[in-house]
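K.L.:
If you scroll down you'll find the structure; I have some questions about it.
There are 2 protein chains.
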Amino acid sequence: MSGPLEGVKVLSFCRALAGPFATMILADLGAEVIKIEQPKLGDGTRASFPRLNGISTYFLSVNRGKKSITLDLKNEQAKEIVFGLVKKVDILVENFRPGVMKRLGFDYETIRKHNPKIVYGSISGFGQTGPYSHRPAYDMLAQAMGGTVSITGPVDPEAPAVRVGYSIGDMGAGIFGAMGIQAALYKAEKTGQGQWVDVAMMDSQAAFCENAIVRYCATGEVPQPTGSRHPLAAPFQVFRTKDSSLVLIAANDKLWEAFCKAAGKEEWIGHERYRNRQQRLKHYDEFEKDMNALMQTRTTDEWGRLFDEHNVMWGPVNNIEQVVNDPHIQAREMIVEVEHPQAGKHRIVSSPMKFSETPIKIEKAGPELGTDTDDVLSSLLGLSAEEIENLRKDGVV
Amino acid sequence: MSGPLEGVKVLSFCRALAGPFATMILADLGAEVIKIEQPKLGDGTRASFPRLNGISTYFLSVNRGKKSITLDLKNEQAKEIVFGLVKKVDILVENFRPGVMKRLGFDYETIRKHNPKIVYGSISGFGQTGPYSHRPAYDMLAQAMGGTVSITGPVDPEAPAVRVGYSIGDMGAGIFGAMGIQAALYKAEKTGQGQWVDVAMMDSQAAFCENAIVRYCATGEVPQPTGSRHPLAAPFQVFRTKDSSLVLIAANDKLWEAFCKAAGKEEWIGHERYRNRQQRLKHYDEFEKDMNALMQTRTTDEWGRLFDEHNVMWGPVNNIEQVVNDPHIQAREMIVEVEHPQAGKHRIVSSPMKFSETPIKIEKAGPELGTDTDDVLSSLLGLSAEEIENLRKDGVV
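Protein sequences, first through last, are from chains H and D. Taken in order, the first sequence gives residues 1 to 397; the numbers are from this note's numbering. Taken in order, the second sequence gives residues 398 to 794; the numbers are from this note's numbering.
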């Protein structure tokens, strides 16, 4: 382990994605994350597809670098183990539906008695308070109920709705969860006092909709999906070319002039309806039609060379294969190879946080179920091999 | 101010969205964020639309709670002011293109000489290293080059590309930036040693594509947009109803059975092609057609009542107006009203991070340009009113 959070210990009751994404970030940052899993079954995402030699890639990606211990949380003997571990860690994270931790006997009020400095992070669909708090949630519910789906997708109001292609409903709450946990950790370090951090998936989507929300509140106009367009700028979107697609950013006057010159459309520089951003937005339907026709006259490579010569801002629309093989992504070491005893060597995406003094190293794959049970119980709680064996016989671990 | 980072001071050289979103999070958490802006002009987003009494809502939303000081960074006198301020703060954040801070004389190596404990956060399109590092970037470039656009949108490969409706290209780097900065702050608190945190927009999008990337690396299949469908589950998507749309989550066996009963489609429970998730995914085209026909037989309210009775997981597809007025969002205090001297009272979205002991309070609107210049220069640097007046005459502030 290395990274700025080296030495920090995290006990994780998380399953699926929102919570595990939060603890993945903490593990990436160097924290020791001890993931509690149900004996025999483990995290439900271990059953997900596709698999590598029988191991779920979904599980491998989001659990890299964590330790796995098994514990039947409903077993009375497990309670004492949890209370013991709680005394040894800095952070507890859970993403059960509100109320479950209380039923298990591990709610914040109980846990803090065992460790007043602990930061207790709860990540859930709707949070610990409010009328929907008891409801379960999955990614798509948060994306839809939090506003994201309503502003994402084709311009055509009759087109079917689309989701954000990655599970930002889960990951959004995970990342705000890790953020709040870190802030509380800093505070606890200064004061010796921990606290409960409550982050909801629906709230997190609303938080990302900040610009759409302030626009609606100010004007009363309800923001709509804009295809690949920016709501306030043009051209600032994806265009089809003769052979594929590209993003063109030429919204301000300087870039617009450069684009017109590159495209041999000097007459558009002072054009009555296209000369500036406001005019282009006002006459957008006509403008888009003209742009689509123009952009389809050259391939992406041909446009790219012209744009580079004229300092026009543009970029390719990369698919996942192109991202993985992109020379810049490679140079940034954003794709790393790790090894799992059964899945073997496999590649996953790295962390985007680059530190000059405590660099992140992603070296360890997602854990085998319960692979660290013995080590954690003996090193943190001082249990003997025989005691652990008895727990195993009793189905506790 | 209140919140877990109360007492932490941040000097911000950020403009537009990626950097300001990072410092917004730090300000929400209670840090004192001093935003440096160009005299007379300020952050370019002050010129953005729509406006409230002439004030940009874009600026107001993402800069709530910050202080604003003006400083002409190219002026020699400004250098000494920056070096003075750097000694008084814990964190510096900038989102210029790599190289700009060095040309201004404020690169990390120089700044650390004035304050070795400082955490220096750089948020940029492509990061401080790698072949694209010198390139400028806007949100849409990061969304397209980082893979996001390639997995978001309609299933139809001929459909025009779509963006994520909020600027996750910017905000993604902003949130990972704030995360890395917090981790480095914690480390600095323990060791007295600061560091440079480098976060790129393109890397951050790749990081969010984690599941698509591990799937591609494992199988060689390039993930494609899936409309509103989850790539691995069905039904887990948006359906049109008689009058609007809803999200239905009934992918596992228990929920599928509940759904079939609610919909009066008991024959689908053991149906050869629909009976489980794998079968439904395998026969998805036929399944979706049948589901679309079924879902259009009732209104969203009618389905909602049925689903609630049968414990089927569902939710509405809220537009921004519905999000703002949602009783749960209201109960979570996710919409707050702040007051700006010129824009007046206005509503913005709050933070999704809820703390039990150090609650976040969002009480202050985005600042007027330079409104804190005198206060910051006198309180942190001990400058007299006359000295500040002279700086103003010289165009330094």
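In this text, a Cβ means the ideal position worked out from N, Cα and C, and glycines have one as well.
Leaving out the 5 sequence neighbours to the left and right, which residues in its chain are closer than 6 Å to H:D372 when beta-carbon positions are compared?
P.N.:
Once the five neighbours on either side are set aside, the close Cβ partners of H:D372 are K67, S68 and I69.
K.L.:
For D:A660 and D:T696, what's the separation of their Cα atoms in angstroms?
P.N.:
If I take the Cα positions, the gap works out to 13 Å.
K.L.:
Comparing alpha-carbon positions, which option in H:L369, H:E387, H:V8 and H:D394 lies nearest H:L41?
P.N.:
Selected option, being the one with the closest Cα: H:L369.
K.L.:
Whether or not the region 73–89 of chain H and the region 98–106 of chain H are in contact is what I'm after, with contact meaning three or more pairs of Cβ atoms, one per stretch, closer than 8 Å; do they touch?
P.N.:
A contact exists between the region 98–106 of chain H and the region 73–89 of chain H.
K.L.:
Thinking just about the alpha-carbon of each residue, which of D:P551, D:E434, D:W711 and D:E736 is nearest to the one in D:T638?
P.N.:
Considering only alpha carbons, the answer is D:W711.
K.L.:
Runs of 3 residues minimum, wholly inside the region 716–769 of chain D: which ones carry the beta strand (DSSP E) assignment?
P.N.:
Taking only runs of at least 3 residues, the beta strand (DSSP E) segments lying wholly in the region 716–769 of chain D are 732–737, 741–746 and 750–752.
K.L.:
Within 10 Å of its beta-carbon, does D:G522 have 16 or more other beta-carbons around it, so buried, or fewer, so exposed?
P.N.:
Buried: at least 16 other Cβ atoms inside 10 Å.
K.L.:
Which of helix, strand or coil does DSSP assign to D:P401?
P.N.:
It is coil, neither helix nor strand.
K.L.:
D:V561 and H:T226 look like a contact to me (Cβ under 8 Å); what is the Cβ gap, rounded to whole Å?
P.N.:
The Cβ separation is near 11 Å, so there is no contact.
K.L.:
Any Cβ of chain D within less than 7 Å of the Cβ of H:M334?
P.N.:
At least one chain D Cβ lies under 7 Å of H:M334.
K.L.:
Check whether the Cβ atoms of H:L26 and H:A178 sit closer than 7 Å, and answer yes or no.
P.N.:
A contact, by the Cβ cut-off of 7 Å.
K.L.:
Report the partner residues of D:F636 according to the DSSP bridge assignment.
P.N.:
DSSP output for D:F636 lists D:L643 as bridge partner(s).
K.L.:
Comparing the CB of H:Q182 with every heavy atom of the ligand SAM, is any distance shorter than 6 Å?
P.N.:
Looking at this structure, you won't find the ligand SAM or any other ligand, since it has none at all.
K.L.:
I want to verify the contact list: residues of chain H whose CB lies under 7 Å from the CB of D:N787, in sequence order.
P.N.:
Per Cβ cutoff of 7 Å: no residues; D:N787 is ~35 Å from chain H at best.
K.L.:
Quick check on D:D600 - is its C-beta less than 7 Å from some C-beta in chain H?
P.N.:
Yes, D:D600 counts as interfacial toward chain H.
K.L.:
Since D:T526 meets chain H, which of its residues come closer than 9 Å, beta carbon to beta carbon?
P.N.:
Going along chain H in sequence order, the residues near D:T526 (Cβ under 9 Å) are A331, R332 and K354.
K.L.:
Between the region 161–180 of chain H and chain D, which residues of the former have a C-beta closer than 9 Å to a C-beta of the latter?
P.N.:
Correct list: A161, V162, R163, V164, G165, Y166, S167, I168, M171, G172, A173, I175, F176, G177, A178, M179 and G180.
K.L.:
What are the residues in the region 265–291 of chain H lying within 7 Å of chain A by C-beta distance?
P.N.:
Here the protein chains are H and D, and chain A is not one of them.
K.L.:
Closer than 7 Å, CB to CB, is D:N512 near chain H or not?
P.N.:
No, D:N512 lies away from the interface with chain H (no Cβ there is under 7 Å from its Cβ).
K.L.:
With distance defined between alpha-carbon atoms, name the residue in D:E736, D:V746, D:L652 and D:G617 nearest to H:S204.
P.N.:
It is D:V746.
K.L.:
Name, please, each residue of chain H whose Cβ falls closer than 9 Å to the Cβ of D:H627.
P.N.:
Neighbours of D:H627 on chain H, chain order: Y138, D139, M140, R163 and S167.
K.L.:
Nearest chain H C-beta to D:S519 closer than 7 Å, yes or no?
P.N.:
No, because no Cβ of chain H sits closer than 7 Å to the Cβ of D:S519.
K.L.:
Along the chain, where does the alpha helix (DSSP H) that runs through H:V16 open and close?
P.N.:
With the sequence shown as reference, residue 16 of chain H is identified as Ala, and Val is not the correct amino acid for it. H:A16 -> no alpha helix (DSSP H), and no H or E assigned at all.
K.L.:
Does any C-beta atom of chain D lie closer than 7 Å to the C-beta of H:F208?
P.N.:
It does: the Cβ of H:F208 has a partner Cβ on chain D nearer than 7 Å.
K.L.:
Consult DSSP for D:K584 and reduce its assignment to one of helix, strand or coil.
P.N.:
D:K584: helix per DSSP, three-state reduction.
K.L.:
Assign D:T623 to one of three DSSP states: helix, strand, or coil.
P.N.:
Note: D:T623 maps to coil in three-state DSSP.
K.L.:
Between D:G462 and chain H, is there a C-beta pair that is closer than 7 Å?
P.N.:
No - not a single Cβ of chain H is within 7 Å of the one on D:G462.
K.L.:
Answer with yes or no whether the minimum CB distance from H:W196 to chain D is below 7 Å.
P.N.:
H:W196 counts as touching chain D.
K.L.:
Note down the Cα distance separating D:V794 from D:L788, rounded to an integer number of angstroms.
P.N.:
C-alpha separation (whole angstroms): 6 Å.
K.L.:
Within 10 angstroms of its Cβ, does H:K174 collect 16 or more other Cβ (buried), or is it exposed?
P.N.:
Checking the sequence, you will find Gly at residue 174 of chain H rather than Lys. That one is buried.
K.L.:
Does D:K751 pass the burial test, meaning 16 or more other C-beta atoms within 10 Å, or should it be called exposed?
P.N.:
Its Cβ being crowded by 16 or more others within 10 Å, D:K751 is buried.
K.L.:
Return the CA-CA distance between H:T57 and D:C606, expressed in angstroms with no decimal places.
P.N.:
If you take the alpha carbons of H:T57 and D:C606, they lie about 13 Å apart.
K.L.:
With a threshold of 7 Å between beta carbons, is D:F633 in contact with chain H?
P.N.:
At least one chain H Cβ lies under 7 Å of D:F633.
K.L.:
If we cut at 7 Å on Cβ distances, does H:T358 have a partner in chain D?
P.N.:
H:T358 counts as touching chain D.
K.L.:
With a cut-off of 8 Å on the beta carbons, I'd call H:L246 and H:F239 a contact; round off their distance for me.
P.N.:
So it is a contact: roughly 6 Å between Cβ atoms.
K.L.:
Which stretch, first to last residue, makes up the alpha helix (DSSP H) that contains D:Y681?
P.N.:
Unbroken alpha helix (DSSP H) run through D:Y681: Y681 to M692.
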